[in-house]
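Asks:
Numbering (this note's numbering), first residue to last: 1 to 76.
Spelled out as structure tokens, the structure:
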């Protein structure tokens with residue numbers, strides 16, 4: 001079982017609030033699709049860069065790639 005961390009990047013002074021708002025939509029999506037989320041959250045790297053992320057089993061790779069178009073994905 002391989003886990004993948006999917007990441008959506010946000011830049012600028014509002015990046016933290018945008019990432020937090022995006023996370024709400026990610027959680028709604030996985031709930032509606034009955035996808036088991038292992039972990040999700042927001043990380044703030046600087047005043048102008050934050051990202052939202054969700055960690056899922058690799059079996060969800062195609063649905064996430066095609067429907068949500070993450071900016072980055074890598075093994076978690």
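Glycine included, each C-beta is placed from N, C-alpha and C at the ideal position.
#1: According to the neighbour-count rule (16 or more other Cβ atoms, all chains shown, within 10 Å of its Cβ), is residue 11 buried or exposed?
#2: Which one of 75, 32, 21 has the shortest CA to CA distance from residue 58?
#3: How about residue 26 and residue 63: are their beta carbons less than 7 Å apart?
#4: Could you give the residue range of the alpha helix (DSSP H) that holds residue 52?
#5: Tell me, please, which residues DSSP counts as bridged to residue 75.
#6: Please indicate yes or no: does the CB of residue 33 lie closer than 6 Å to some heavy atom of the ligand NAD?
#7: Mind checking whether residue 50 and residue 16 have CB atoms under 7 Å apart?
Replies: Let me spell this out:
#1: Stepping through the chain shown from its first residue, residue 11 is reached at position 11. Flag for residue 11 reads exposed.
#2: In the chain shown, residue 58 corresponds to position 58, counting from 1. When each option's Cα is compared against that of residue 58, the closest is 75.
#3: Taking the chain shown and counting its residues from 1, the one referred to as residue 26 is at position 26. Taking the chain shown and counting its residues from 1, the one referred to as residue 63 is at position 63. Result no, Cβ atoms of residue 26 and residue 63 do not sit closer than 7 Å.
#4: By 1-based counting over the chain shown, the position of residue 52 is 52. From DSSP, residue 52 is part of no alpha helix (DSSP H) but of the beta strand (DSSP E) over 49-57.
#5: Numbered from 1 along the chain shown, position 75 holds the residue referred to as residue 75. DSSP, once it has assigned bridges, lists 4 as partnering residue 75.
#6: For the structure depicted, the ligand NAD is absent and the ligand set is empty, with no information on it obtainable.
#7: Within the chain shown, residue 50 is the residue found at index 50, counting from 1. Within the chain shown, residue 16 is the residue found at index 16, counting from 1. Yes, these two residues count as a Cβ contact at 7 Å.
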